[in-house]
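Chains as they are written, first to last, in the working numbering: chain A, 526 to 1003; chain B, 42 to 173. Everything below concerns the one structure shown next.
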Amino acid sequence: MPINLKTLTIQFAHEAMKRGDFTAVQLTEAYLGEIANKNKEINAYLEVFADAIDTAKAADLKFKAGTATMLTGIPFGIKDNILIQGKVASAASKILEKYHAPYDATVIEKLKAEGAVFLGRTNMDEFAMGGSTENSAYGSTKNPHDVSRVAGGSSGGSAAAVAMNGALVSLGSDTGGSIRQPASFCGIVGLKPTYGAVSRYGVMAMGSSLDQIGPFGKTVGDCEIIFNAIKGKDVHDGTTIDSSTYPIINQVGKKKPVIGVPWHFLGGDGIDPVVMNLFKAALASFEKAGYEIKEIKLPNISYSLPVYYILMPAEVSSNMSRYDGVKFGLHVDGKNGIDDYFETRHSGLGREVIRRILLGTYVLSSGYYDAYYNRANAVRKMITDDFLKAFGSVDLIATPTAPSPAFKIGEKVSDPIAMYLEDIFTVTANITGMPALSIPCGISKVDDKELPIGLQLTARHGDEKTLFTAGKEFLGEI
Amino acid sequence: MSIGVKVFVGTTCVKHMSKLRIRKPSLESIFVACYTLPMITKLELENLANLARIKLTDEDKDSFVKEFDSVLTYIDQLKKADVPMDAEGRVGAVRNITRLDEVKSISLDDRERLLDEAPHRVGDFIAVKKIL
C-alpha cells in the first residue's frame, strides 16, 4: 500500500509494520525514492548508504520473529560527524573526505541494537561550525520550504532530510543551537538534551562542554522515543549522567507547568515582527490550555553570546588540534615534519573553522587567558545561576528559537557577526547545560513562500519530561 | 583621527602626566597610546596561526585581521559584566571522573581499522618525518 510519508510517525510506522501493512524494506524504499527525487536540489545527504536495504531486510526478520522494538526498521538520517563503523564520516570537511570510521558511536550502537535503518550521512556546516550549512565543503543544503534559503545549521542536512520526507527522523548535534535553529527554519521538532544525557563517544568533538547529540522529528513524540533510546550513562564518556544526577524536579506546585518569559531580552529590533507575533500567539494558546505565563528576569543573559564566542572557540582550538594528517585524514607534505601540519591544515580546513581556531588560540594565549577565558567562565556561572533562580518560580522558559525565519543563501555568509547573532536565543541552553526543545509555531509568508518559525522551550537540568508534555500539548499530539 | 588631533591629544596627555610627576614619555609612545589601534595586528595573527599550526596566505591574513576586529569588539562587551572578585568558573554539576589507568587490548580487526586510516603506514607502524 502507498505509504503517506507526510504524516508518518514512529508509532504509526511501527504498528503498521507489526500488522504487515508494509514491510521495513518498503518503508526504506519509499524514503530512498524521495531522496532520489529531491536530494540533487536540496543536498540534504552527502551520501546515501548502499546497505540501507540490507538493514531493512534484517529489520523485517525481527518483525517476523516478534522481537521488533519501537525503532526497528525506522529510517534515520545521520549527521556526518557521527561515526558509523566502516562508513565515511567527513564532518563536511575536506580534511576527512576519505576517512572511514573505525568504530560506532555509542548512539549508533544503541540504534543498531534496535535495528534502526541508516539511510545516509547528512550535510552540515564543516565541523559543526556555522548556522546555515553554507560552511560545508560539499555545498550548502537548501531549505525544502524555499530553495533560495538556507536550511539552518549546523545540522541543516538532518533537518532538511526530515522536512523533505527523505527520512522519518534524524540525528544532529547541538553546540550553540545547531539542532534547534535548523528545526525552526525547516518547520520540524528538534531537541537538545541536558548536557550529559546522551553520550558524545564517537561524535566528533566541537565544544566539549557544550555539545549534545539530539533527535529531529516531525512530532515531539518521535523525538521523545529517540531520546529515550539514545540516552544513558556511558563508560566511554565521563560526562554522561543518569536519572539520579539531577534531583527530583521541584515542581512549582501548579497543575500545569508555569512558563517564564524574559521579556526584557525580547524587545530588540533585531527580531522579525512576524516571529514576535507568532511567539505571543503561541503563549496565548498555552494560556488557553491552562499554563500560567509569568515574566522573569535573566539579568546577565545579554552576555551569553560573548561568553559563547569565547568559550566555544577556545574549546574548538583544542579539539581541532587532532586534525594534523598524522594518524588519519588528509595529509599534505611540507618541508619537514612540523611543516606537514601547516600544509595539511591549510589545505584541509575551511575558512570558518580556521577563524574559530585562531580566535580560540587568541583567547587562550598568555596575557589574554584571564581577561577572556576565565572571565567568560565566571559569567557562564552567573548566567546559569540566573536560570536556576528563575526555575524557582517557573517550570519552563520560552523564547523564539531564532530571531528570523530562514534567511537567503549568501545573505550572512560574509558577515561573521550577523551569522553569530542568529544564535542569540539558543546558546543559553548550551551554556547552562539545560535541555531545550524547538517546536514549529507558525509560518511567515515571504515572497509567496511559507517560511516556518519555531518556539523554544527550556527546562531544568534533567527535565526533558516537562518539555515533551508541553510540546505534545502545543502540537495537539495529546 | 587626523595627525593634528593626535598631536593635540598627545601633548595634552604629556601635560597631565607631568602634573602627576610621571617621567615624560617619548613622543612615539604617546602616539601609540592615543591612536586607536586595531584589536589585533598582522604580526599577532601570524603568531596565532603559528601556534595553531596553520599556514595562512597573505590575503587570508589581511581578511582575518579585519574580521577579528569586529569579533573581538563584540566579545569585549564581557568587560561590562559585574563579575564578583572571588568568582570561580564552573561547568554545571559536572566534575572530573577518572578510570583505572590500565591498558585495554583491542581486537586485531579494530587494530587494522585504525592503522588503515593512517596516511603513511609502514607495517604495524604509522610513519612520520623525522623530528630531530
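Glycine included, each C-beta is placed from N, C-alpha and C at the ideal position.
By the Cβ rule, the segment 566–573 of chain A does not count as touching the segment 533–548 of chain A, because fewer than three pairs are nearer than 8 Å. K906(A) and F912(A) have their C-alpha atoms roughly 10 Å apart. With respect to V723(A), G697(A) sits apart: the two C-beta atoms are not nearer than 8 Å.
N844(A) is the residue among I567(A), H539(A), K531(A) and N844(A) whose C-alpha sits nearest the C-alpha of A653(A).
Between K717(A) and R725(A), the gap from beta carbon to beta carbon reaches 8 Å or more. Close partners of V124(B) in chain A (Cβ separation under 8 Å): R900, A903, V904 and M907.
In the DSSP assignment, I567(A) falls outside any beta strand (DSSP E) and lies within the alpha helix (DSSP H) extending over A549 to I567. Shown here, D629(A) sits in coil according to DSSP, grouped into three states, outside any helix or strand. Within chain A, no C-beta atom comes nearer than 9 Å to that of L84(B); the closest sits roughly 13 Å away. When Cβ pairs closer than 8 Å are counted between the two stretches, the segment 791–811 of chain A is seen not to touch the segment 848–859 of chain A, the count staying below three. The DSSP-derived three-state label of N955(A) is helix. Against chain B, the CB of N690(A) has no partner CB under 8 Å away; the residue lies outside that interface.
K779(A) is positioned such that its CB atom lies no closer than 8 Å to that of I766(A). The DSSP-derived three-state label of N660(A) is coil. Contact check between the segment 994–1003 of chain A and the segment 731–750 of chain A: three or more CB pairs, one atom from each, fall below 8 Å, which counts as touching. Beta-bridge analysis with DSSP links D671(A) to N668(A).
Annotation for A168(B): H161 place their beta carbon closer than 6 Å to its own, counting only its chain and skipping 5 residues before and after. For P941(A), the nearest CB of chain B lies under 8 Å from its own CB, placing it at the interface with that chain. In the assembly as shown, G701(A) is a buried residue. Its beta-carbon has 16 or more other beta-carbons within 10 Å. Of I784(A), G721(A) and D797(A), the smallest CA-CA separation from Y771(A) is found for G721(A). Between A961(A) and T991(A), the gap from beta carbon to beta carbon reaches 8 Å or more. At the C-beta level, G678(A) and D650(A) come within 8 Å of one another. The continuous stretches of beta strand (DSSP E) do not include V112(B), which lies in the alpha helix (DSSP H) extending over residues D99 to I116. Contact with chain A is found for S111(B), since one of that chain's Cβ atoms lies less than 8 Å from the residue's Cβ.
Residues of chain B with a Cβ closer than 9 Å to the Cβ of R880(A) are, in chain order, F105, E108, F109 and V112. When DSSP states are grouped into helix, strand and coil, Y570(A) belongs to the strand group.
With respect to chain B, the C-beta atom of R725(A) has no partner C-beta closer than 8 Å.
Residue pairing by DSSP places L976(A) opposite S969(A) in a beta bridge. For V144(B), no Cβ of chain A is located within less than 8 Å of the residue's own Cβ.
Under the Cβ distance rule, S842(A) counts among the residues neighbouring chain B, one pair being separated by less than 8 Å. For the pair K107(B) and N648(A), the Cα-to-Cα distance works out to about 29 Å. The Cβ of K102(B) sits no closer than 8 Å to any Cβ of chain A.
Taking 8 Å as the upper bound for CB-CB distance, H761(A) and K974(A) are not in contact here, some 44 Å apart. Spatial neighbours of R674(A) in its own chain (CB-CB distance under 6 Å, excluding positions within 5 residues in sequence) are listed in chain order as N668, A931 and K933.
Linking S661(A) to V613(A) through their CA atoms gives a straight-line distance of about 15 Å.
Taken through DSSP and simplified to helix, strand or coil, S146(B) comes out as coil.
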